[in-house]
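This report concerns only the one structure given below.
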Amino acid sequence: MLGWIKKRIRLEQMNSSLVSAFSKIREDFSAQKKLLEELYINHHGFKQTTSLNHQRIADWIRHFDNSIRRLDADLKVLEKKIDEEFDAFSTASLNLFKEAYEKNIKDVQAVKKEILKEVEVFMNENNAFSIIKELFENSEICCYLTTLNYESLPETRAMLNLRNRSLYPNLIDFFKDHDDDFFIYFSTNTSSPKVEQIKNNPNVCVYFSNPDEYKGCMLSGKINIVDDLNIKNSLWQDNWSIYYPGGKTDNDYTILELKPKLLKVYHQLGTFTIKKD
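Right under this line is the structure:
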């Protein structure tokens with residue numbers, strides 16, 4: 079009788095330990111699944127990633143859901159064996175069961191670790207997209223454009239930030255179609271040195287910043303001189319006549335377009351890099 083009681087206590091202790099371990103992992107998986115679901119449905123960054131990335135997030139949600147279901151099923155099997163088949167369920171059997179599922183848990187945790195690495199990347203990317211959008215829409219009057227002169231030395235100047243919503247509310251609809259591609263447009267004089275520099279070497283860099291919050295965004299790529307009259311007309315502002323007396327058709331009125339290939343986002347001590355196709 080004493081041996082039976084000891085066995086029962088031992089089994090219950092081991093079962094309690096397993097239930098606790100499984101429950102903790104289940105809670106962790108459930109929390110990660112909930113986070114992924116929120117990111118998948120609501121967050122700005124994931125809506126701007128490719129459909130493939132969006133699908134991968136959905137696959138990870140299913141992975142966590144399947145892991146949760148499997149853990150629940152395993153626990154039910156274990157508890158049933160102890161409660162209903164106690165006499166036939168030896169300590170040795172439970173040890174084998176425990177060893178097998180400890181290995182299974184390690185395997186699942188290893189997969190989870192790799193998944194969460196990528197989830198962290200996407201979370202950082204999501205935050206980076208939000209910072210870029212914030213800087214585009216709220217940065218003060220100017221951002222900074224750097225070109226290379228004929229001696230391959232950089233020259234930086236302030237340019238009007240046409241994406242600033244408060245300064246250019248009439249351009250909000252125009253830029254709405256460029257939330258995903260981060261296109262930048264500038265107006266400038268055709269006769270300016272920067273236009274000649276761009277013709278010679280179109281590789282440029284643009285920088286937006288919010289010094290008060292230690293936020294910045296650098297965009298680089300090849301900048302183009304726009305010939306499309308629809309774009310030039312859409313961007314035109316009436317007060318630009320002081321720069322271009324001839325209006326929209328002034329030969330000295332030029333629009334530059336940057337399709338960035340590389341973006342670097344800076345926030346406090348962190349840096350995140352985005353490469354565009």
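Counting from 79, one number per residue, gives the positions in the sequence shown under my numbering.
From the three backbone atoms N, C-alpha and C, an ideal C-beta is built for every residue, glycine too.
Note that the structure is predicted; figures quoted are calculated from it, not measured.
- request: Sort Pro280, Tyr321 and Leu240 by Cα distance to phenylalanine 261 and report the nearest one.
  value: Indexing the sequence shown from 1 puts residue 261 at position 183. The residue with the shortest Cα to Cα distance from phenylalanine 261 is Leu240.
message: Only counting the same chain, and skipping five residues up and downstream in sequence, which positions put a Cβ closer than 8 Å to that of isoleucine 252?
response: Start at 1 with the first residue of the sequence shown, and residue 252 comes out as number 174. Sequence inspection shows phenylalanine at residue 252; the isoleucine mentioned does not correspond to that position. For phenylalanine 252, where only same-chain residues beyond five positions count, the Cβ hits under 8 Å are Ser312 and Leu313.
message: Which residue wins for smallest C-alpha separation from serine 270, given the options Thr332, Pro338 and Phe142?
response: One-based indexing of the sequence shown puts residue 270 at position 192. For the residues Thr332, Pro338 and Phe142, the minimum Cα distance to serine 270 belongs to Thr332.
field: Start-to-end residues for the alpha helix (DSSP H) that takes in isoleucine 70
entry: Because the chain is modelled from 79 through 355, residue 70 falls outside the range shown and cannot be assessed.
For leucine 336, three-class secondary structure by DSSP: Along the sequence shown, one-based indexing puts residue 336 at 258. Secondary structure of leucine 336 (DSSP, three-state): strand.
message: Helix, strand or coil, according to DSSP, for phenylalanine 124 in the structure here?
response: As a working note, residue 124 is residue 46 in the sequence shown. The predicted model places phenylalanine 124 with a pLDDT of 44, which falls under 50 and marks its position as unreliable; any figure quoted below should be read in that light. Shown here, phenylalanine 124 sits in a helix according to DSSP, grouped into three states.
- prompt: Which same chain residues, not among the five before or five after lysine 254, have their C-beta less than 8 Å away from its C-beta?
  reply: Numbered from its first residue, the sequence shown carries residue 254 at position 176. Counting only Cβ-Cβ distances below 8 Å, and skipping sequence neighbours, we find nothing.
field: Collapsed DSSP secondary structure at histidine 345 in the structure displayed
entry: For the purposes of this step, residue 345 is taken as residue 267 along the sequence shown, with counting starting at 1. In this structure, histidine 345 counts as strand in the three-state DSSP scheme.
- prompt: In three-state terms, what does DSSP make of phenylalanine 261?
  reply: As a working note, residue 261 is residue 183 in the sequence shown. Three-state DSSP puts phenylalanine 261 in coil, outside helix and strand.
message: By DSSP's criteria, proline 282 is part of a beta bridge. Which residues make up the other side?
response: The residue given as residue 282 occupies position 204 in the sequence shown. Correcting the residue identity first, residue 282 is valine in this sequence and not proline. Beta-bridge pairing by DSSP links valine 282 to Gly299.
- request: Find out if the Cβ-Cβ distance for the pair leucine 223, valine 284 is shorter than 7 Å.
  value: The count along the sequence shown starts at 1 and reaches residue 223 at position 145. The count along the sequence shown starts at 1 and reaches residue 284 at position 206. Yes, Cβ-Cβ distance for leucine 223 and valine 284 is below 7 Å.
query: Rounded to a whole number of angstroms, what is the C-alpha to C-alpha distance between arginine 140 and serine 101?
result: What you label residue 140 is simply residue 62 of the sequence shown in a count that begins at 1. What you label residue 101 is simply residue 23 of the sequence shown in a count that begins at 1. Taking the straight line joining both Cα atoms gives about 19 Å.
Residue of Asp258, Asp328, Arg243 and Pro323 minimising C-alpha distance to leucine 307: Position 229 of the sequence shown, counted from the first residue, corresponds to residue 307. Of Asp258, Asp328, Arg243 and Pro323, the residue nearest in Cα terms is Asp328.
- request: Can you give me the Cβ contacts of serine 108 inside the same chain, cut-off strictly under 7 Å, excluding the 5 residues immediately before and after it?
  value: Position 30 of the sequence shown holds residue 108. Ile146.
task: Answer yes or no: do glutamate 215 and tyrosine 263 have a C-beta to C-beta separation smaller than 7 Å?
output: As a first step, residue 215 is located in the sequence shown; it is residue number 137 there, counting from the start. As a first step, residue 263 is located in the sequence shown; it is residue number 185 there, counting from the start. If you check the CB distance, glutamate 215 and tyrosine 263 do not come in under 7 Å.
query: Are there 16 or more other CB atoms within 10 angstroms of the CB of proline 289, so buried, or fewer, so exposed?
result: Locating residue 289 in the sequence shown gives position 211, counting from the first residue. Proline 289 counts as exposed, since fewer than 16 other C-beta atoms from the protein chains shown sit within 10 angstroms of its C-beta.
query: So, is proline 338 buried or exposed, given that buried needs 16 or more other C-beta atoms within 10 angstroms?
result: If you number the sequence shown from 1, residue 338 lands on position 260. Looking at its Cβ environment, which holds 16 or more other Cβ atoms inside 10 Å, proline 338 is buried.
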